[in-house]
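Residue numbers (the working numbering): 20 to 138.
In this text, a Cβ means the ideal position worked out from N, Cα and C, and glycines have one as well.
Report on the following structure.
See the structure below:
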């Protein structure tokens, strides 16, 4: 992923809000995890599509055909930095309802589901 400067503010969602929305209306959410496959092997949440940033060249060209640019899209990583980059890139690609999962899977493990391993 190429470093870019973005002007649009980033919307964040808490892990508690994510858990509620996943429980209430999972079919309405697009869930993207940008961590590396070895990280996902340690800790993951069911329903997230895995798009490692290191594989950006492989999946970036298909992003608007694989996902609906108008649907609510939640992006997660380990702590929230890589997912913030991905959110900004999705916005630059015309996605209109993108949210960064604040604290990432680490916060999800601490606050929502302690059965998910921390690393």
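- In summary, residue 111 is exposed, with fewer than 16 beta-carbon neighbours lying within 10 Å of its beta-carbon over all protein chains present.
- Residue 31 and residue 138 have their C-alpha atoms spaced approximately 22 angstroms apart.
- Contact check between the region 34–53 and the region 84–91: three or more CB pairs, one atom from each, fall below 8 angstroms, which counts as touching.
- Three or more Cβ pairs closer than 8 angstroms define a contact, and the region 68–82 falls short of that threshold against the region 122–137.
- Boundaries of the beta strand (DSSP E) around residue 92: 91–95.
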